[in-house]
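For the sequence shown, the residue numbers in this note's numbering are 7 to 210. What follows is a set of notes on a single structure, which appears directly below.
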Amino acid sequence: LNPKSIKIDFEQFFISAFKQIFPNTHISGCLFRFGQCVWRKVQSTGLQKKYAEDSTFALHVKQLCALAFVPVLDVVESFNAVLESQYFIDNKQLFEPLVDYFEETWIGRTVRNRRRNPLFLIEMWNCYDNVINDQPLTNNAVEGWHRAFNASLGCHHTTIWKFISFLKQERGLQEAKLEKHFLGENNPTNKRKYKNIEQCLKNT
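Structure, rendered in structure tokens:
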């Protein structure tokens, strides 16, 4: 195997192990998991109720998440601009735990006038190039396939013969889909509303 790219969850151990085996593969994170990570921090810092009841606060939290759609080279400058907005200044103490986490994990802390690398490099969680190049932003399609395949099996623990039979059926289905794709009969997989959102991002 020599994959060109992979989209994965933000699990440091898995990322390190994958890099050792496939050092030349481009690794990018799942946008949905990125949002989940930020949301879990909102919850762990006791801001869940504030987020649910205060739409202005929620909007400014989303501004941090929206940095995923800013060009990579502009992310740090945009992050600083968000923190320098009046709402963040007026609510600095409230945002401090979340901002500290975001900087440490996704942006990189400034030490002696230089930014250290974050836990996850900006290039890994940033989605700007994916949007421009019509690449998937999440690995939800893969997880959806797993759910559908498990549902087809009808049980969590099946016999090896039934499993092999289902794999053969799935292979035939995927080969048929590939043939349609190469014939130009590929059906769009994204819902219209998501396509509209992606188009808006491209035009921004």
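No residue lacks a Cβ here, since even glycine has one placed at the ideal position from N, Cα and C. Please read these numbers as outputs of a predicted model, since none were measured by experiment.
Discussion item. Taking the alpha carbon of Arg39 as the reference point, which residue from Asp15, Lys55 and Thr62 has its own alpha carbon closest?
Written reply: Asp15
Practice prompt. Spatial neighbours of Gly7 within its chain, please: CB distance less than 8 angstroms, with the 5 preceding and 5 following residues excluded, ordered by chain position.
Written response: What sits at residue 7 in the sequence shown is Leu, not Gly. The residues are Phe28.
Worksheet item: Does DSSP put Lys13 in a helix, a strand or coil?
Response: strand
Discussion item. In this structure, how does DSSP classify Ser91 when only helix, strand and coil are distinguished?
Written reply: Of the three classes helix, strand and coil, the one that applies to Ser91 here is coil, per DSSP.
Worksheet item: So, is Asn119 buried or exposed, given that buried needs 16 or more other C-beta atoms within 10 angstroms?
Response: exposed
Discussion item. I'd like to know whether the C-beta atoms of Lys47 and Leu100 end up nearer to each other than 8 angstroms.
Written reply: Contact flag unset, no.
Fill in: 6 angstroms Cβ shell around Tyr107 - same chain, five flanking residues per side excluded
Lys47
Item to complete: Please name the residue or residues paired with His32 in a DSSP beta bridge.
Response: Ser11
Worksheet item: Going by the CB atoms, is the gap between Val88 and Gln69 shorter than 8 angstroms?
Response: yes
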